[in-house]
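Chemist: Numbering (the working numbering), first residue to last: 193 to 546.
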């Protein structure tokens, strides 16, 4: 999962590039639970001697407790990277005294061994003999007690333990603290946080490239047109899932084909595989909606949709297994079925011969 810094936590052009972020909750004593992030970063070229560039890590989903200013309600860790004048080396510094946050440089590729030094207010690392582009792996552990309940729920929902915390959701704060507005099919807008959506490939790419030069923040939200226009109900279902409320899909009627079709198509268009998987498992194909699903499946879809096709096939096949069906079949209907069977036999022979 990639993490991208966006306005007001936006990289400038000369800043190192943040390639990827993985996160998971470490299973320890309940009072000492931590959320662990692994960041992959790259420094494309050596900074000018005597200068430094800022590497800012956004702690995705995390918000500071009891913050008075809304714009400061996101954890971030700043790592200045500077080049020494006397030797071809980089110095990275972490000035961190925050209780509950553990920051560590794990390894640096394309360089000699890294020298670590304890400082009064943090750590420093000296990277000697670097060859560019330089690949760096960082690890950050954040104690779960530092996160507000709304942020805790984002992680706990993925562990299917959302009930352990209150019903407060970061999504509920989006109208106030969100910095994006997703445009629905009818023109209405659904507020969201870029820091949450940055883990989805489509938004990750857009935040890095197309939208990176746009000045926007929670006071001036960026309007985002989705690659697959859908109505407000579908956008709402997507956002709930994206914010970690996987159980929200249960609120959708499994036989309500149009909504689930649009939700799957939206998830496909933004490469949100987890949502595609959940929708396909939730879908219930019936005799009443089978035609709708067949029409939808006639369009191009990802391989994940094959399971939905198998569900449709089982429903369509069911009447043919009933003896009463064959007792009442007409000559015209039998002729149509015979043509389908003949075409199938012909296709089967062709595939065997090849």
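The C-beta atom is built at its ideal place from N, Cα and C for all residues, glycine as well. The model shown is predicted, which means the values in this text are computed figures rather than measured ones.
With burial defined as no fewer than 16 other Cβ atoms inside 10 Å of the residue's Cβ, what is the status of residue 324: buried or exposed?
Modeler: Counting Cβ neighbours within 10 Å, residue 324 comes out exposed, since fewer than 16 surround it.
Chemist: Quick check on DSSP: helix, strand or coil for residue 298?
Modeler: Of the three classes helix, strand and coil, the one that applies to residue 298 here is strand, per DSSP.
Chemist: Going by the beta-carbon positions, is the gap between residue 443 and residue 488 smaller than 8 Å?
Modeler: Result no, Cβ atoms of residue 443 and residue 488 do not sit closer than 8 Å.
Chemist: In three-state terms, what does DSSP make of residue 449?
Modeler: Three-state DSSP puts residue 449 in a helix.
Chemist: Taking the alpha-carbon positions, what's the residue 498 to residue 228 distance?
Modeler: The alpha-carbon atoms of residue 498 and residue 228 are separated by roughly 35 Å.
Chemist: Find the nearest neighbour of residue 422 within the set 313, 373, 458, 508, judged by alpha-carbon distance.
Modeler: It is 458.
Chemist: Can you tell me whether residue 137 is helix, strand or coil according to DSSP?
Modeler: Lying outside 193 to 546, the shown extent of the chain, residue 137 is not represented and no answer is given.
Chemist: Please state if the CB of residue 306 and the CB of residue 297 are separated by a distance shorter than 8 Å.
Modeler: Yes, the Cβ-Cβ distance between residue 297 and residue 306 is below 8 Å.
Chemist: Kindly indicate the opening and closing residues of the beta strand (DSSP E) around residue 383.
Modeler: 381 to 384 is the extent of the beta strand (DSSP E) around residue 383.
Chemist: Using alpha carbons as the reference points, say which of 301, 384, 451 lies closest to residue 431.
Modeler: Here the closest residue by C-alpha is 384.
Chemist: Please go through the same chain and pick out, in chain order, the residues whose beta-carbon is closer than 6 Å to the beta-carbon of residue 472, but skip the five residues on each side of it.
Modeler: Closer than 6 Å at Cβ, skipping near neighbours: 496, 499, 500.
Chemist: In the DSSP assignment, find the unbroken beta strand (DSSP E) run with residue 374 in it and report its ends.
Modeler: From DSSP, the beta strand (DSSP E) with residue 374 extends over 372 to 375.
Chemist: Please confirm whether residue 474 and residue 511 have their CB atoms less than 8 Å apart.
Modeler: No, Cβ-Cβ distance for residue 474 and residue 511 is not below 8 Å.
Chemist: Measure the CB-CB distance between residue 367 and residue 462 and report whether it falls below 8 Å.
Modeler: No, Cβ-Cβ distance for residue 367 and residue 462 is not below 8 Å.
Chemist: Among 327, 466, 456, 507, which residue has its Cα nearest to the Cα of residue 481?
Modeler: Out of 327, 466, 456, 507, 507 has the C-alpha closest to the C-alpha of residue 481.
Chemist: How should residue 527 be labelled, buried or exposed, when 16 other C-beta atoms within 10 angstroms of its C-beta is the threshold for buried?
Modeler: Counting Cβ neighbours within 10 Å, residue 527 comes out exposed, since fewer than 16 surround it.
Chemist: Alpha carbon to alpha carbon, how far is residue 237 from residue 326?
Modeler: Spanning the two alpha carbons is a distance of roughly 8 Å.
Chemist: Just grab the DSSP bridge partners of residue 462 for me.
Modeler: DSSP, once it has assigned bridges, lists no residue as partnering residue 462.
Chemist: Given that a residue counts as buried once 16 or more other Cβ atoms are within 10 Å of its Cβ, and exposed if not, what is residue 376?
Modeler: Flag for residue 376 reads buried.
Chemist: Taking 8 Å as the threshold (C-beta atoms), are residue 374 and residue 382 in contact?
Modeler: In contact: residue 382 and residue 374 (Cβ atoms closer than 8 Å).
Chemist: Considering only the beta carbon of each residue, do residue 494 and residue 469 sit closer than 8 Å?
Modeler: Their beta carbons are not under 8 Å apart, which means residue 494 does not touch residue 469 by this criterion.
Chemist: Since I believe residue 372 is in contact with residue 412 (beta carbons under 8 Å), could you give me their beta-carbon distance rounded to a whole number of angstroms?
Modeler: About 11 Å; that fails the 8 Å criterion.
Chemist: Taking all protein chains shown into account, do 16 or more other C-beta atoms lie within 10 angstroms of the C-beta of residue 275, making it buried, or fewer, making it exposed?
Modeler: Under this definition residue 275 is a buried residue.
Chemist: Output the boundary residues of the alpha helix (DSSP H) element that contains residue 520.
Modeler: Residues 515 to 520.
Chemist: Can you look up residue 415 in the DSSP assignment and give me helix, strand or coil?
Modeler: Residue 415 falls in the strand class under three-state DSSP.
Chemist: Between which two residues does the beta strand (DSSP E) carrying residue 137 extend?
Modeler: No statement about residue 137 is possible, as the shown extent of the chain runs from 193 to 546 and does not include it.
Chemist: Could you tell me which residues DSSP pairs with residue 285 in its beta bridges?
Modeler: Beta-bridge pairing links residue 285 to 316.
Chemist: Is residue 390 helix, strand or coil by DSSP?
Modeler: Residue state, collapsed to three classes: coil.
Chemist: Under 6 Å Cβ to Cβ from residue 416, same chain only, skipping five residues before and after it: list those, please.
Modeler: The residues are 372, 374.
Chemist: Quick one: using the 10 Å Cβ neighbour count with 16 as the cut-off for buried, is residue 539 buried or exposed?
Modeler: By the neighbour-count rule (16 or more Cβ atoms within 10 Å), residue 539 is not buried but exposed.
Chemist: The alpha helix (DSSP H) with residue 428 in it runs from where to where?
Modeler: 424 to 434 is the span of the alpha helix (DSSP H), which, as asked, contains residue 428.
Chemist: Just the Cα atoms here: how many angstroms apart are residue 531 and residue 428?
Modeler: The straight-line gap from Cα to Cα measures roughly 45 Å.
Chemist: Run through DSSP, which three-state label would residue 530 get?
Modeler: Three-state DSSP puts residue 530 in a helix.
Chemist: Can you check which of these residues, 370, 491, 321, 504, is closest to residue 479 by C-alpha distance?
Modeler: Minimum Cα distance to residue 479 is reached at 504.
Chemist: Could you have a look at residue 475 and say whether DSSP puts it in helix, strand or coil?
Modeler: Coil at residue 475, not helix or strand.
Chemist: Could you pull the start and end residues of the alpha helix (DSSP H) that residue 502 belongs to?
Modeler: 498 to 509 is the span of the alpha helix (DSSP H), which, as asked, contains residue 502.
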